[in-house]
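Q:
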Amino acid sequence: MTPVPFIAVEEHWIMPDVTSRLRAVPQPDESLAFNEMGDNQERLEDLGAGRIAAMDAQGIDVSVLALTPPGVQPLPPGEALALSRAANDMAAASMALLRHALSVTSVDRLIFSTDYPFQRPTREEVDSFLNHFSTDAEREQFSSANAASLYGIDFSFL
Numbered sequence: 022m023t024p025v026p027f028i029a030v031e032e033h034w035i036m037p038d039v040t041s042r043l044r045a046v047p048q049p050d051e052s053l054a055f056n057e058m059g060d061n062q063e064r065l066e067d068l069g070a071g072r073i074a075a076m077d078a079q080g081i082d083v084s085v086l087a088l089t090p091p092g093v094q095p096l097p098p099g100e101a102l103a104l105s106r107a108a109n110d111m112a113a114a115s116m117a118l119l120r121h122a123l124s125v126t127s128v129d130r131l132i133f134s135t136d137y138p139f140q141r142p143t144r145e146e147v148d149s150f151l152n153h154f155s156t157d158a159e160r161e162q163f164s165s166a167n168a169a170s171l172y173g174i175d176f177s178f179l
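Sequential numbering from 22 applies to the sequence shown in my numbering.
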């Protein structure tokens, strides 16, 4: 029997530009104080080797990354959208985690997630991340088919 990968759900990360903007709002979210305790800030900003080493030390095969609360929601819409896009680009550029996930499991066990305030993404913005997969079948599996299967959604009518 093949062992099932150990998946850590909602593993937080933060982008320094988001942190600085959140600190500048008139009433900063109190949760930002937790990010500054001990080495939390350093660990939250690490999307590379340090995070993978911590995952390995804890026996975690795959992490579902989420921008740390409150995300960009407290910011004005235009700024929130720009920072969300920058955060997604930063996460996509850090392909070490995706390569690590694919080394311990297969694309049919991964689900796409984003922190976009997804009002009007362009096709190029979505494709910039999905093009890291080598085939259309893998892109489809990762971007929608796995979630459809998990939640019992039938897209055949589209």
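Glycine is no exception: its CB is placed at the ideal position from the N, C-alpha and C atoms. Predicted, not measured: the structure shown is a model, and the values here were computed from it.
Pull the bridge partners of valine 83 from the DSSP assignment, please.
A: Ile28
Q: In whole angstroms, what separates the C-alpha of alanine 74 from that of threonine 156?
A: 29 Å
Q: Using the Cβ count rule (16 or more neighbours within 10 Å means buried), how would you classify threonine 143?
A: exposed
Q: Cα separation between serine 105 and alanine 45?
A: 17 Å
Q: Could you give the C-beta distance for alanine 108 and valine 39, rounded to a whole number, given that I count them as a contact under 8 Å?
A: 6 Å
Q: With 16 as the cutoff for other CB atoms within 10 Å, does arginine 72 come out buried or exposed?
A: Of the residues assessed, arginine 72 falls on the buried side of the cut-off, its CB having 16 or more other CB atoms within 10 angstroms.
Q: Quick one: Cα of arginine 42 to Cα of alanine 113, how far?
A: Taking the straight line from one Cα to the other gives about 21 Å.
Q: Taking the DSSP output, what are the residues bridged to histidine 33?
A: As DSSP reads the structure, histidine 33 sits in a beta bridge with Ala87.
Q: What does a CB cutoff of less than 8 Å around isoleucine 35 pick up in its chain, not counting 5 residues either side in sequence?
A: Cβ neighbours of isoleucine 35 beyond the five flanking positions: Asn56, Gln62, Leu65, Glu66, Leu88 and Thr89.
Q: What residue from Gln48, Ser170 and Ser124 has the CA that sits closest to leucine 96's CA?
A: Gln48
Q: Alpha carbon to alpha carbon, how far is proline 98 from leucine 53?
A: 20 Å
Q: Report the residue from Ala166, Glu145 and Asp82 whose alpha carbon sits nearest the alpha carbon of valine 25.
A: Asp82
Q: Looking at C-alpha atoms only, which residue of Ala101, Ser177 and Phe163 is the closest neighbour of leucine 123?
A: Phe163
Q: Mapping DSSP to helix, strand and coil, what is glycine 92?
A: coil
Q: If contacts are defined as beta-carbon pairs under 8 Å, then glutamate 32 and valine 85 qualify, I think. What distance do you get, rounded to the angstrom?
A: 6 Å
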